[in-house]
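Some notes on the structure that comes next.
Protein chains: 2
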Amino acid sequence: MPETSTATPESLSQTLAESGLRATPQRELVFNILLKKRDHPTADEVFARVKAEMPTISLATVYNCLETLVQCRVVRAVNFERGPTRYCPNQKPHAHFHDEQTGSTHDIDLPPGLLDQVKTILPEGYDANSVEIIFRGKAQS
Amino acid sequence: MPETSTATPESLSQTLAESGLRATPQRELVFNILLKKRDHPTADEVFARVKAEMPTISLATVYNCLETLVQCRVVRAVNFERGPTRYCPNQKPHAHFHDEQTGSTHDIDLPPGLLDQVKTILPEGYDANSVEIIFRGKAQS
DNA sequence: GTGAGATTTAGAATTATTCCAATAAACTAA
DNA sequence: TTAGTTTATTGGAATAATTCTAAATCTCAC
């Protein structure tokens, strides 16, 4: 697994505060669950994991928390294909490798400068603030 | 708009035949509709356009036809974000630029070799058969 | 401790897509 | 052609993912 760069649980509260948002137990738990198992879970999967520790939480809250974390940029929402959105707490620039056999997704570290280099293919008049790269294929198991 | 490389309406019938599939009026019309306006429409949008020319077609058939065309590789299904799948008849290797202001999507031609170059960042054991690149930002209008 | 605003909650509503069973169309072999 | 088989289309029901809504709860500043 690549080295990862993420907000820590401690800094989450601060990041939220900077956006005028509160660090609620639900938000913290959802974030910690994402950190604990970095397998790009869907909202439903996050809900199941979170529920084990906080049985009263609702699915709507999980959606709300995930959306909040995405807004604060401590979590990335990922959409490869038809199907539910997946969530990723890795904030380091990285690509995704989607293993077509297993359906699993791996983070791929990007060499510094690659994204800028890729941006140079854009014609005049296009100003990209983000670049996403998705590989599909077979990974050694 | 970048130059595009697509199956022609004429060759569609042959491509389908190669997969043991029939060139039905519905499949041909769906494909022609995609060629006519290359704005990455959703299935619903395709349905609306197709219906204007063939009022009896059903939404299920539009989904079926799109899926068939994707299987035959004459159409690409694109998923950027939460929301319906979009369809693109451009078979030339290209990236997508998603204009966050307008919500529209532009095809970006790729210089030869770029995809192979990007693949070189993959660690040992990863074998990608496709690479997708998505830009997000602002395009000059 | 009160009031304002933020957050959570459960369930209803919506959206996108797939499934299903019946009909229709096209192809094959006699 | 014509019966038989396979393939495709159709409309509606079913499912899946997400968003909405309105009420209850919590938190913070005063």
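For the record, the sequence lines run as chains A and B. Adding 400 to a residue's 1-based position in the first sequence gives its number in the working numbering. Adding 400 to a residue's 1-based position in the second sequence gives its number in the working numbering. Using N, Cα and C, we set each Cβ at its ideal position, and we do this for glycine too.
C-alpha distance - residue i paired with residue j, whole-angstrom precision
i	j	result
residue 417 of chain A	residue 451 of chain A	25 Å
residue 422 of chain B	residue 525 of chain B	39 Å
residue 412 of chain A	residue 441 of chain A	20 Å
residue 420 of chain B	residue 479 of chain A	32 Å
residue 541 of chain B	residue 513 of chain B	29 Å
residue 431 of chain A	residue 504 of chain B	32 Å
residue 483 of chain A	residue 527 of chain A	29 Å
residue 453 of chain B	residue 453 of chain A	55 Å
residue 468 of chain A	residue 446 of chain A	14 Å
residue 517 of chain A	residue 530 of chain B	19 Å
Pair within 8 Å by beta-carbon distance, residue i and residue j
i	j	result
residue 463 of chain A	residue 477 of chain A	no
residue 472 of chain A	residue 415 of chain A	yes
residue 448 of chain A	residue 485 of chain A	no
residue 438 of chain A	residue 498 of chain A	no
residue 543 of chain B	residue 429 of chain B	Lying before the first or after the last residue shown, residue 543 of chain B is absent from chain B, which here runs from 401 to 541.
residue 495 of chain A	residue 457 of chain A	no
residue 542 of chain B	residue 491 of chain B	The question about residue 542 of chain B has no answer, for chain B in this structure spans 401 to 541.
residue 481 of chain B	residue 538 of chain B	no
residue 493 of chain B	residue 466 of chain B	no
Residue-level contact to chain A via CB, residue i, 8 Å cutoff
i	result
residue 511 of chain B	yes
residue 447 of chain B	no
residue 401 of chain B	Any reading at residue 401 of chain B must be qualified, since the residue scores a pLDDT of 43, below 50, and its modelled position is unreliable; the value itself is stated next. Not closer than 8 Å to any Cβ of chain A, the Cβ of residue 401 of chain B fails to qualify, so no.
residue 456 of chain B	no
residue 507 of chain B	no
residue 467 of chain B	no
residue 462 of chain B	no
residue 537 of chain B	yes
residue 527 of chain B	yes
residue 389 of chain B	Residue 389 of chain B falls outside the range modelled here, since chain B spans only 401 to 541, and no answer is possible.
residue 522 of chain B	yes
residue 433 of chain B	no
residue 474 of chain B	no
Per-residue burial, residue i [other beta carbons within 10 Å of its own, 16 or more giving buried]
i	result
residue 460 of chain A	exposed
residue 427 of chain A	buried
residue 455 of chain A	exposed
residue 502 of chain B	exposed
8 Å Cβ cutoff, residue i in contact with chain B
i	result
residue 530 of chain A	yes
residue 416 of chain A	no
residue 482 of chain A	yes
residue 485 of chain A	yes
residue 514 of chain A	yes
residue 540 of chain A	yes
residue 518 of chain A	yes
- State whether the segment 510–522 of chain A contacts the segment 500–517 of chain B, with contact taken as three or more CB pairs (one from each stretch) at a distance under 8 Å. yes
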